[in-house]
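Going down the list, the sequences are from chains A and B.
Heads up, the first sequence is in the numbering used here, so the first residue is 1 and it goes up one at a time.
Heads up, the second sequence is in the numbering used here, so the first residue is 1 and it goes up one at a time.
Please read the structure below before turning to the comments.
Protein chains: 2
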Amino acid sequence: MQSQVNRRSARPRPSSAVTLQQVAQDAGVSLATASRVLSDSDRNVTQELQERVLEAAARLRYVSNAPARALVQSTTSIVGLVVHDVNDAYYSAIAAGVMEVARDHKLLVMLAGTFHEPGLQAEYVARLRAQRARAVILAGSGFTGGSPALAQELEAFAAQGGRVTAVAHQGLPVDTIVPGNREGGRAVAEHLAGLGHTEIGVICGPLALVSVQDRLHGFLERAAELGVVVTEHHRVEADFTRDGGRAAAVRLFRRSPGITALFALNDAMALGALAALRDDLGRSVPSDVSVVGFDDLPVACDVTPALTTVRLPLEEIGRRALLLALGDATASPRTLDVPSRLVVRASTTPPPRVTG
Amino acid sequence: MQSQVNRRSARPRPSSAVTLQQVAQDAGVSLATASRVLSDSDRNVTQELQERVLEAAARLRYVSNAPARALVQSTTSIVGLVVHDVNDAYYSAIAAGVMEVARDHKLLVMLAGTFHEPGLQAEYVARLRAQRARAVILAGSGFTGGSPALAQELEAFAAQGGRVTAVAHQGLPVDTIVPGNREGGRAVAEHLAGLGHTEIGVICGPLALVSVQDRLHGFLERAAELGVVVTEHHRVEADFTRDGGRAAAVRLFRRSPGITALFALNDAMALGALAALRDDLGRSVPSDVSVVGFDDLPVACDVTPALTTVRLPLEEIGRRALLLALGDATASPRTLDVPSRLVVRASTTPPPRVTG
DNA sequence: AGCCGCACTGAAAGCGTTTTCCCATTGCGC
DNA sequence: GCGCAATGGGAAAACGCTTTCAGTGCGGCT
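Structure (structure tokens):
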């Protein structure tokens, strides 16, 4: 009787999970009745049986098998959240908003991090489709030109009834949240030009990102309108991170030492730029150089000087994203604009007078 | 023939998801064969049929129904991650580590946020048990005395084959990661006493948290050994957040203006204290007051002055937590110590000389 | 008193997989 | 050339649940 032994070591264990059958038996009712009591069915069960079932379930610590349930109902209470970098305050904030709505709707959130690998986005959507997730939120900015693989996956996902909300994506046939990136960029241009800056450096994230493009073009557009020209020479591209910002700032100032204001396309880069100006370049902010960021991460008001930046209501974006996905499917695809707002703090002043 | 109409509006849609059956049909093979090709079975299928199946699957954009798969295999590729606050850099960092290992093992991560409600921890474990998650990581510190409800849930979860790793919990019969909270506290005491501080204020998070207790007691213990007594009067409890830290600092200095050093039990609170000292209390750091934090969040080196703090390798903790849960079940429960390390930066100096 | 209809329970079907069991075919050694 | 093991394919069972369908007991009506 040694036939228990099996060639596959990863054999599923006895899996002594309590089943509904056992609860029913314990309560002395049929499987159907137990199910009716424990799943919120619309059928009635007499008070007495109901109590017996509830009691048995509690005693056995029964929780229903979600996969089995999902199988028969062909839907789950799972929503997917796809971000580029889990350890980035931008996504944490969005995630917090998503989690809040998820909690209120008793949904579970599956978090997927692409680690900045573009291809993984489509792969995760496929996996979430396999999970029969109810909705997917693409929080990470899309790539300009879009990704055919991603679009196809989303189509397949939608075809099986899944809902999708994308944040800062382009050309996807899904509900989309459009953060005020362009207007934010414009506001920064206006602010810096208004202060009298004429030689402005811009530290960009990957130009392939939709949000980078929007922020940059909003800025350039408005700057040009106000007579401030920012040549390619004053722009530099780097990773959308603190380190990227730091390196970029060094490069930029080495190339164009006359810059009096710096616009980093997100706060993380601005932080890096601040560090570079302080530690590597020996310039003081704002008296030598003004610095502006984007996002208004919580940290923006903890640095010295406090960072002038563009506030994006990230938690709100997260909330709206999930609510959009949970809302009326027939109205889809919709577009929701979320405005941004310039927050002026201590890191920007008029440019230093040229002495001499 | 109008019987399609149903009283339940939330009727599952036609759900035109592609099934394995359809793939098999399309490929002209049996269900079993299709399954053998697409799930990595140990049975062989001839080259030709294999190709036919693969082709059909690709054409139909088939992805297997994860719930159905989970049902028959009675296991999933889901791991749960339970944190207190998604939008807290401490948890983001741990989450990043977890996600990394999850990606390498092709696991999906379910993120659950308790929003600081102690009861939700047990509830989420129950829901993850219902999902038949393979493992659960309790990243949020436990409560002293433990929670019977949580312990019971974990027991039930373990009974059905689930693995659990807890970070900074006490008395749970599961794999546990013990961050160097106590030694970190000791190191801070040594550092501040070594600098000559004798009147030290401590800003605590909720004393019910295990990590708060550990940090505090390590500190008090070592301080006492070195002849520095920190009375209750110099300690204050508040929310484990920036705002909590700010309010606490104000309260503390109003009460005891002679304090020359401040130990905040995490970086978030230290940031708040820094803000309070600067904006509310008009004291400068470090010349009037030294400040120490705990965790070494990335922001610690971006504030001015850069924050002296205790580094906890949070990503590493996340990685180890998941690896522990994925490792040998028979060795469980194990305990893994993760050391901390004092990082001295600009926010601490010897106390000001008493003039006059 | 007999019948209808109501309210509830229980048996069974079915969800989409994996896996077992059985069968047909092949290749091999004798 | 024949039996036997090995190989690969298909039918069917099983996973745990929800839901339909049939059945049973009961009260109210004529």
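Note that CB positions come from ideal geometry on N, CA and C, so glycine has one too.
Asked, Found
"Starting from the C-beta of V23(B), find all residues in its chain whose C-beta is less than 8 Å away, skip the five residues before and the five after it, and write them out in chain order.", "A34, L38, V53, A56, A57, L60 and Y62"
"Closest by CA to M110(B), which one among V82(A), E155(A), S64(A) and S16(A)?", "V82(A)"
"Just checking: is the beta-carbon of F219(A) within a distance shorter than 8 Å of some beta-carbon in chain B?", "no"
"For P67(B) and chain A, any beta-carbon pair shorter than 8 Å?", "yes"
"Using the three-state DSSP reduction, which class does A329(A) fall into: helix, strand or coil?", "coil"
"Within 10 angstroms of its Cβ, does E315(B) collect 16 or more other Cβ (buried), or is it exposed?", "buried"
"Return the bridge partner residues of A135(B) from the DSSP annotation.", "V79(B) and R163(B)"
"Is there a C-beta anywhere in chain A that falls below 8 Å from the one on M421(B)?", "The structure shown has nothing for residue 421(B), since chain B only spans 1 to 356."
"Please list, in chain order, all residues of the same chain as A268(A) whose beta carbon is under 6 Å from its beta carbon, the five residues on each side excluded.", "T241 and R242"
"Give a yes or no on whether 8 Å exceeds the smallest Cβ distance from M269(B) to chain A.", "no"
"Compute the Euclidean distance between the alpha carbons of H217(A) and V167(A), then round it to the nearest angstrom.", "18 Å"
"Alpha carbons only, please: which of L324(A), L262(A), A275(A) and R278(A) is nearest the one belonging to F294(A)?", "L262(A)"
"Within 10 angstroms of its Cβ, does Q21(B) collect 16 or more other Cβ (buried), or is it exposed?", "exposed"
"Closer than 8 Å between beta carbons: that is the criterion. Which residues of the region 309 to 337 of chain A meet it against chain B?", "E315"
"Between which residues of its own chain and Q160(B) is the CB-CB distance below 8 Å, once the five residues before and five after are set aside?", "R129 and R132"
"Of all Cβ atoms in chain A, is any one closer than 8 Å to the Cβ of S39(B)?", "no"
"In chain order, which continuous runs of the beta strand (DSSP E) of length 3 or greater are located wholly inside the region 256 to 323 of chain B?", "261 to 264, 290 to 292 and 309 to 311"
"What residues of chain B sit near V303(A), judged by a beta carbon separation below 9 Å?", "V299, D302, V303 and T304"
"Can you find a CB in chain A that lies within less than 8 Å of the CB of R61(B)?", "yes"
"Under 8 Å between C-beta atoms, does Q131(A) make it to chain B?", "yes"
"Please check if any C-beta of chain A sits within less than 8 Å of the C-beta of Q160(B).", "yes"
"Taking just the CA atoms, how far does L326(B) sit from S332(B)?", "11 Å"
"Is the Cβ of G245(A) closer than 8 Å to any Cβ of chain B?", "no"
"Alpha helix (DSSP H) containing P118(B): first to last residue?", "P118 to A130"
"Would you mind reading off the limits of the beta strand (DSSP E) that contains P179(A)?", "D175 to P179"
"Pick out whichever of E51(A), P118(A) and A329(A) has its Cα sitting closest to the Cα of V174(A).", "A329(A)"
"Is it buried or exposed, G171(B), if we count other Cβ atoms within 10 angstroms and call 16 or more buried?", "exposed"
"Establish whether the CB of F240(A) and some CB of chain B are separated by less than 8 Å.", "no"
"Since G113(B) meets chain A, which of its residues come closer than 9 Å, beta carbon to beta carbon?", "A95, A96, M99, E100, A102, R103 and V109"
"Helix, strand or coil: how does DSSP classify R345(A) here?", "coil"
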